[in-house]
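Undergrad: Below: one structure in structure tokens.
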Amino acid sequence: MKMDAGKPHVVVVTGLSGSGKSTAIKAFEDIDYFCIDNLPVPLMGNFLRLCELDMPDMKRIALGIDIRERKFLKNYNQIFSVLEDAGYRFEILFLEADDDILQRRYSQTRRIHPAAPSEHQLVQAIDFEREQLLALRNRATKIIDTGALSVHELKRFITRSYSHIDESELISIQVLSFGYKYGLPPESDLVMDVRFLPNPYFIEELRDLDGSSEPVRSWVLQWSSVQGFMADYSAILLKLLPAYIQEGKRYLTIALGCTGGKHRSVVIAEGIADRLKQNSYHVRVFHRDIHLE
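See below:
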């Protein structure tokens, strides 16, 4: 059956309980898939049709389905045939792990396996589920053994395999200026103290202005120490950001502080943000204390 390029790309995320389906669904969300976990199978056809009619811009969908959806296991061939006949571009991502790995994960989380009447029948439940899902596994487009993967490694695999966006778009960056006299921003991931730089506060005609004004900006940026710091710190950030992305970090707050958060930190935050934007990163700037006395 020929797939319709105009229809959404649908990934059915399934596999053994405890193999990381929830983590995989979150990874799909991070790369802009519309995700629903445990969608009732009778609603699948109507859901996809509604997406086409009411949300035509939705081009990527991930659906998490497991053994709790018994009707899916009984009728999955018919369900997939309907999707194929309708021209949907769909694939099946099947997650699994060895029995001892699954047992350890359930022991650590103290959850009860969905196929087990009680926690004392975990081994039998895993065996039963593996048998029930065998035919579905054989039809899978892609099979991932998550036994040796950490949460971050599984997310990276999903990102590399399914992402449709550039790496620089996988992380949202906030560059924040603040004043140390008002306390550290608790949301910060990286904090840099810029109080060692020349201070326009001691220039009478600049004292009542802030770092968003051209006179203060020009005065701060005239110093070679400022230019050198901005170049060096930007270079460090540009080396760090790909590593943060690889580790699955999606939001990063970079805080730059001066004494009052009104002059130096404002100018430096704007300058650092501009350099990151020039390298195609998505950056927002927020000046926390610029209007405080």
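Following this note's numbering, the residues of the sequence shown are numbered contiguously, the last one being 414. We treat Cβ as the ideally placed atom computed from N, Cα and C, and that holds for glycine.
#1: How big is the Cα-Cα spacing for residue 163 and residue 181?
#2: With 16 as the cutoff for other CB atoms within 10 Å, does residue 176 come out buried or exposed?
#3: Please identify the residue among 146, 366, 342 and 153 whose C-alpha is closest to the C-alpha of residue 178.
#4: In this structure, how does DSSP classify residue 152 when only helix, strand and coil are distinguished?
#5: Would you list, in sequence order, the uninterrupted alpha helix (DSSP H) runs of no fewer than 4 residues that lie entirely inside the region 298-380?
#6: Closer than 7 Å by C-beta to residue 273: which residues in its own chain qualify, once you throw out the five before and the five after it? Chain order, please.
#7: Along the chain, where does the beta strand (DSSP E) that runs through residue 216 open and close?
#8: With DSSP as the reference, label residue 232 as helix, strand or coil.
#9: So, are the CB atoms of residue 298 and residue 223 less than 8 Å apart?
#10: By Cβ distance below 6 Å, which residues in the same chain neighbour residue 375 in space, the five residues on each side in sequence not counted?
#11: Can you tell me where the beta strand (DSSP E) with residue 131 in it begins and where it stops?
#12: Let me know the secondary structure DSSP gives residue 256 once reduced to three states.
#13: Once the 5 residues before and after residue 277 are set aside, which same chain residues still bring their CB inside 7 Å of it?
#14: According to the Cβ coordinates, are residue 217 and residue 300 closer than 8 Å?
TA: According to the structure data:
#1: Within the sequence shown, numbered from 1, the residue matching residue 163 stands at position 42. Within the sequence shown, numbered from 1, the residue matching residue 181 stands at position 60. Answer to the nearest angstrom: the Cα atoms are 20 Å apart.
#2: Counting from 1 along the sequence shown, the entry for residue 176 is found at position 55. It is exposed - the Cβ of residue 176 has fewer than 16 other Cβ atoms within 10 Å.
#3: On the sequence shown, residue 178 is found 57 positions in, with the first residue counted as 1. Of 146, 366, 342 and 153, the residue nearest in Cα terms is 153.
#4: As a working note, residue 152 is residue 31 in the sequence shown. Of the three classes helix, strand and coil, the one that applies to residue 152 here is coil, per DSSP.
#5: 335-342 and 345-367
#6: Mapped onto the sequence shown, residue 273 falls at position 152. Here the set comprises 368 and 369.
#7: Here residue 216 refers to the residue found at position 95 of the sequence shown. Segment 210-217, the beta strand (DSSP E) holding residue 216.
#8: Along the sequence shown, read from residue 1 onward, the residue named residue 232 stands at position 111. Of the three classes helix, strand and coil, the one that applies to residue 232 here is coil, per DSSP.
#9: Taking the sequence shown and counting its residues from 1, one reaches residue 298 at position 177. Taking the sequence shown and counting its residues from 1, one reaches residue 223 at position 102. The answer is no: Cβ separation not under 8 Å.
#10: To locate residue 375, count along the sequence shown from 1; it is residue 254. Closer than 6 Å at the Cβ level, and outside the excluded window around residue 375, lie 296 and 311.
#11: Against the sequence shown, residue 131 aligns to sequence position 10. Note, residue 131: beta strand (DSSP E), 130-136.
#12: Mapped onto the sequence shown, residue 256 falls at position 135. Helix at residue 256.
#13: Counting from 1 along the sequence shown, the entry for residue 277 is found at position 156. The residues are 367 and 369.
#14: Counting from 1 along the sequence shown, the entry for residue 217 is found at position 96. Counting from 1 along the sequence shown, the entry for residue 300 is found at position 179. Contact flag unset, no.
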